[in-house]
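Okay, structure first, notes after.
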Amino acid sequence: QVQLVESGGGLSQPGGSLRLSCAASGIIFSTYRMSWYRQSPGKQRESVASITSGGSTNYADSVKGRFTISRDNAKNTVYLQMNSLKPEDTAVYYCNAYKLTLGSNYWGQGTQVTVSS
Numbered sequence: 009q010v011q012l013v014e015s016g017g018g019l020s021q022p023g024g025s026l027r028l029s030c031a032a033s034g035i036i037f038s039t040y041r042m043s044w045y046r047q048s049p050g051k052q053r054e055s056v057a058s059i060t061s062g063g064s065t066n067y068a069d070s071v072k073g074r075f076t077i078s079r080d081n082a083k084n085t086v087y088l089q090m091n092s093l094k095p096e097d098t099a100v101y102y103c104n105a106y107k108l109t110l111g112s113n114y115w116g117q118g119t120q121v122t123v124s125s
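All residue numbers for the sequence shown refer to the numbering used here, where the first residue is 9 and numbers rise by one.
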């Protein structure tokens, strides 16, 4: 059974920082591309950042220079360090595990991030 469990969400003031974690089980974590997505009320889910099994990263333009994705294969965990948070970063953040060769695509349950003064 595959599980992706996010943690680390919460309330931050504008300009603050939060660190999200996603612990994976039931998959060979090191072989999956891991991503963070987010969804705000009334908007479509959008990709925020991704990291391949080889460690290559990609970011949405809106978070470049502020967010950093990383992974620890020994802990089966992917992280999203979010700095200089803005109110428009408010959303539910979802962890995603994807492997093209298996046609596998898994989602976590999401964690709420709210940026407000």
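The C-beta atom is built at its ideal place from N, Cα and C for all residues, glycine as well. These figures come from a predicted structure and were not determined experimentally.
Spatial neighbours of residue i in its chain, beta-carbon cut-off 6 Å, leaving aside the 5 residues before and after
{"i": "G17", "result": "T119, Q120, V121"}
{"i": "Q21", "result": "S125"}
{"i": "L19", "result": "T122"}
Any chain D beta carbon closer than 8 Å to residue i
{"i": "D80", "result": "Among the protein chains of the structure shown there is no chain D, as only one such chain exists."}
Helix, strand or coil at residue i according to DSSP, with G and I counted as helix
{"i": "L19", "result": "strand"}
{"i": "S112", "result": "strand"}
{"i": "T39", "result": "helix"}
{"i": "D69", "result": "coil"}
Status (buried if at least 16 other CB within 10 Å, exposed otherwise) for residue i
{"i": "D5", "result": "Residue 5 falls outside the range modelled here, since the chain spans only 9 to 125, and no answer is possible."}
{"i": "G34", "result": "exposed"}
Selection from the options that minimises the alpha carbon distance to residue i
{"i": "T65", "options": "P49, K83, L26, Y40", "result": "Y40"}
{"i": "K72", "options": "S43, N91, N84", "result": "N91"}
{"i": "S61", "options": "P95, K94, R79, Q117", "result": "R79"}
Residue i Cβ short of 7 Å to the ligand FMN heavy atom set
{"i": "F75", "result": "Of the ligands one can find in the structure shown there are none, so the ligand FMN has no counterpart to examine."}
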